[in-house]
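Student: Here the sequence shown stands for residues -13 to 337, where the numbers follow this note's numbering.
Here a beta-carbon is modelled for each residue, glycine too, at the ideal position from N, C-alpha and C.
Mind looking over this structure? Questions follow.
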Amino acid sequence: TTINSNKYYLEDLANEILYEIFKYLDVYDIYKGFYNLNNRFQNLAINSNVLTKINISTISKRNFEDYYHNIVIPNQSQINFLRLSNPCVADIIFAEPHLILNFTRLQTIILDNVQNKNFHKFFDYLICLTTLHAITISFAGDISSLDIIFSQIFRLSTLKYCKIEYKLLLLSFTNFTNYDSSSIEYLIINGHLPFNALHNLLCCLPKLQHLSISCLDKFDYYQESNKLSSIQLKYLKHVSLKLNYVDFDEFEKIIKEFFYHIQILHLTIVYGETYLDGKRWQQLILFHMSYLRIFYINHQGYVNNNNLKYHDIINQFNSSFWKENKWFFTHQHQWKYRLDTGIFYSNVPYR
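Structure, rendered in structure tokens:
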């Protein structure tokens, strides 16, 4: 046999092949690897379709300035995805109003490690981007109030997807009574939210389809004032919540007011013996969540009734109703010698 010893150089590849290669590379890597080779590769780097998605993570301010002037600025009107993970980079792009306003096709922006001092400035500019549909924000430090976040997010009139991640410095909350209705359809909150504020928050989201909150806390000293009139969330299909010390009586009110149309319910519950009442859940599902297809629950806690063991309570979830819906559950005890404590959870969460 003979071995084909022909050597191929990068310059020999057709533009179409190079564009295919570019699809698997980060835009900044394309710039660093090809922009300064020769005029041909410079033009390829500038005109590549992948430049519609800019992901700027770990990059020094000096390196970014060259990249910004050679790649970002010439393609501002084509970029539809922008991720800024370095606060210094975000400061450059948001330095002057006219710079960010040139991103006329921007649909998705991800802002990582946002500093509180810059937060309001960002939104003063983003509010003018009429094509912006999705935003993801994570904060570099603790925030003092939820108003800092939601008062700005609700200003974006075209927003459909919103994901926020934060840590609260102080337990200072908002009532959501001073906000107009938002166009948000997908809301993901990775942070602590007072349960008593949930009602008013939902009242501000008439188009909501998907809701996920990583931690809903019950604070007895936080009283909801000026409770808004309930609305029908007819588009809400998917709800995922973690409840910390929230009374079932209070959560039941939320279910009856807002969850009639949901199809998927994921619940993680920390304490609250009453959540293990299978008959009560059955009535709620039959009369207030009749479209429910997926019911997933994970409950961690204990039973206060000295005459009952943990598994005695959860036997209510073995009736024909649960079997007919193909919702199955199991449990395990947290301590070997404590049969009044355990973890109860769905073992077939999807069907």
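Pairing CB atoms from the stretch 70 to 81 with CB atoms from the stretch 39 to 54, are three or more of them under 8 Å?
Tutor: Verdict: yes, contact present.
Student: For P180, report the span of its beta strand (DSSP E) as first-last.
Tutor: First-last of the beta strand (DSSP E) with P180: 172 to 180.
Student: Residues in its own chain within less than 6 Å of S332 by CB, not counting five upstream and five downstream?
Tutor: Y282, I283, F315
Student: Any idea if D203 is buried or exposed, counting beta-carbon neighbours within 10 angstroms, 16 or more meaning buried?
Tutor: buried
Student: So within the stretch 45 to 127, which uninterrupted beta strand (DSSP E) runs reach at least 3 residues, ignoring any that extend past its ends?
Tutor: 67 to 70, 94 to 100, 120 to 125
Student: Taking only runs that begin and end inside the stretch 263 to 334, name each unbroken beta strand (DSSP E) of 3 or more residues, in chain order.
Tutor: 280 to 288, 315 to 318, 327 to 332
Student: Quick one: Cα of L191 to Cα of Q269, how far?
Tutor: 27 Å
Student: Within 10 angstroms of its Cβ, does T160 collect 16 or more other Cβ (buried), or is it exposed?
Tutor: buried
Student: If you draw a straight line from the alpha carbon of Y14 to that of L23, how long is it in whole angstroms?
Tutor: 15 Å
Student: To the nearest angstrom, how far is the alpha carbon of N25 from that of L92?
Tutor: A straight line joining the alpha-carbon of N25 with that of L92 spans about 28 Å.
Student: Just the Cα atoms here: how many angstroms apart are N66 and I199?
Tutor: 27 Å
Student: Should H55 go down as buried or exposed, given a rule of 16 or more other Cβ atoms within 10 Å for buried?
Tutor: That one is exposed.
Student: Could you tell me the boundaries of the beta strand (DSSP E) in which I150 lies?
Tutor: 147 to 151
Student: Pick helix, strand or coil for K204, following the three-state DSSP scheme.
Tutor: coil
Student: Helix, strand or coil: how does DSSP classify F223 here?
Tutor: Note on residue identity: the sequence assigns Lys, not Phe, to residue 223. Of the three classes helix, strand and coil, the one that applies to K223 here is coil, per DSSP.
Student: Secondary structure at S198, three-state DSSP: helix, strand or coil?
Tutor: strand
Student: Would you tell me roughly how many angstroms separate the C-alpha atoms of V256 and H224, rounded to the nearest one?
Tutor: 21 Å
Student: Rounded to whole angstroms, what's the CA-CA distance from L87 to A81? Just pull it up for me.
Tutor: 11 Å
Student: DSSP puts L253 in a beta bridge; with which residues?
Tutor: L227, I283
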